Each structure stands twice: as structure tokens, then as C-alpha cells.
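Worksheet for the structure shown next.
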Amino acid sequence: MRKINSLISKAALALLLMASLVFTADFNTAAYAEDPELINLPGSFSGSMGFVTDYRFRGVTQTDEEMAIQGSFDWAHEKGYYFGVWGSNVDFGSQGNGNTEFDIYAGVAREYYGITFDVGGIWYTYPGATKNLALDYVELMFGMSHDFSLISTGVSAYYSPQFTSASGEAIYISFDAEVPLANRLALTGHVGHQWVAKEDAITRPDTVDWSIGASYATHGFDLSITYIDTDLTTTECAEGCDGEAVFGISRSF
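Each residue of the sequence shown is one higher than the one before, starting from 16 at the first, in this note's numbering.
Take a look at the structure:
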């Protein structure tokens, strides 16, 4: 039954994402041609859709090491304001956890002296999950990034007053880097550290995650392969936290 629910969730999510992307494409092309006044609307809309062989969040699988269909729908203003929704199927291996995740986010990103500052908030919600599991949570985010031409780097901090599973305050710090190479190829790297006040509530200790990968853009698609791992032992996390190569393909509109 759980596998059937997971398949239904994936199908529903895929239909929702395709509908949003069709809306985005129509809005940005045909709608403008039919009604020039729409061009005066502030901001612009965009979307993306793709899949990965395993949805890893901060190094830990969210789909029981199975494939995930993912997508987003975004609005951005020229002054740096943005709003969006990102979605994916999930599978936490037990009944009552829900089969879908939606992240609703908003913020403002502006550049000063070559450094982009990003301040925002994210609401992680899991429709269909049992309420007493308290999976939903909110994070506040602050990030800084800079493009050095040969390498782009960024550092981000996330704070939650009540992390998932009612695990109390939580902080996540991450550092990311990207090195562009010739022919639309890029190398990526990431390291992050998750602190949680009540480790017992999420059944694992504070975690360091890291990844290294490569991405390639071709014919409107973005292809990626990323090796992801954590410092958790098999005693601290029985499965879904060890090293794994994750393949992904996505398309933006």
C-alpha cells in the first residue's frame, strides 16, 4: 500500500509541476503577444522540472534512496524580491509521514560591492502527514555569494526556532563553490553542518554533510552527477546517510 501511495504521489506531483510549467511558458510568450499590457506586470515568472535518482537533503535521503520527481515555480522582481514554491515526492519509510514535500519561500537578494546578499524564509510542509509527527517547520535564511570569475563561492546560514519533528532550535551552516569549465561544464562542491537542540527527536546527532559533483548544460537541459556523503556512522543512521552518487536531469522554463 505504501508503494502505491508513493506512486500516486509522484504522478500527482508530476501533473502539478507540468501544469505550472505550461502556465509559465504560456504566460511568458503567447500571453504577452495577445495582450501587450501584461508586459507591464512587475517581475517575471519561471519554472523548472526534473528528477534525481535519490532526493538527499543535507546529506540524508528523503525518498528511501529512490527516485524523486521535483520542480519549482518562481517569481522574481528586478529589485531583488522573490517568491516561489518547490516540490518533490518523499518517502520516510513509514505510514503517516506523507508522500509529498512543498517548500514555500520568499526573500530579497541584492548585490553590494560585488557581493550578493540574500535574506529570506522557507516553510517546509508535508501534506498528508500526521500532525502529531510535527514534520512542518520554518527556517530563516541569510546568505552571501561572490563570483570570482574562476570560481563562484557562497556561504549560507539557516535558523529554525522549531525544527522538524519538534526537535527544538536548529542551525545549518553551508559553504558552496562552483568552478565553470569550458563547453558548459562546471564542477561543484558543498559542505554543511546541521546542529539540532533535541537530537533524540530526529533520531540522529548533529551532522556534517558534503558533496562534490559536475554539471553539464546541453539543449536546454541541465545534467548532473553528485557524490553525497555525511559523517554519520551506521550506528547513528542505519541507512540513507552513507555515500552515494546521485544523477539528475532538469529543464528550466
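Note that CB positions come from ideal geometry on N, CA and C, so glycine has one too. Note that this is a predicted model, so its numbers are computed, not measured.
Rounded distance between the beta-carbons of residue j and residue i, thought under 8 Å
i	j	result
Ile84	Asn104	6 Å
Ala216	Ser182	4 Å
Gly108	Tyr120	Actually they are not in contact, since the Cβ atoms of Gly108 and Tyr120 sit about 26 Å apart, beyond 8 Å.
Asp106	Glu81	6 Å
Met64	Arg219	Their Cβ separation, rounded to whole angstroms, is 31 Å, which puts Met64 and Arg219 out of contact at 8 Å.
CA-to-CA distance, residue j to residue i, given in whole angstroms
i	j	result
Thr39	Thr249	Because Thr39 carries a pLDDT of 49, less than 50, the predicted location of this residue cannot be relied on, and the following value inherits that uncertainty. Rounded to whole angstroms, Thr39 to Thr249 spans 44 Å at the Cα level.
Ala229	Asn198	13 Å
Ser226	Gly129	26 Å
Tyr70	Phe88	18 Å
Tyr187	Pro57	33 Å
Leu200	Gly255	29 Å
Glu193	Ala253	31 Å
Asp191	Met156	15 Å
Phe268	Leu150	31 Å
Trp210	Asp133	21 Å
Thr168	Ser160	6 Å
Gly62	Gly99	9 Å
Leu165	Pro142	42 Å
Asp244	Tyr96	33 Å
Gly235	Val206	28 Å
Tyr152	Gln77	15 Å
Beta-bridge pairing of residue i - partner residues as DSSP gives them
i	result
Thr131	Glu126, Ser160
Ser239	Ser230, Gly263
Ala121	Phe98, Gly136
His205	Asp191, Ser226
Ala64	The question names Ala, but residue 64 in the sequence shown is Met. According to DSSP, Met64 bridges with Gly86, Arg266.
Tyr70	Answer by DSSP bridge pairing: none, since Tyr70 is not bridged.
Val170	Met159, Phe190
Ala185	Ser175, Val211
Thr218	DSSP output for Thr218 lists no bridge partner at all.
Glu93	DSSP lists no partner for Glu93.
Thr76	Arg71
Residue nearest to residue i in terms of C-alpha spacing, selected from the options
i	options	result
Asp221	Gly74, Ser59, Phe66	Gly74
Asn114	Leu247, Gly99, Asp79	Asp79
His208	Ser189, Leu200, Tyr139, Glu193	Ser189
Ser239	Asp257, Ile264, Glu251	Ile264
Glu259	Phe60, Ala172, Val67	Val67
Val223	Ala124, Asp257, Thr241	Asp257
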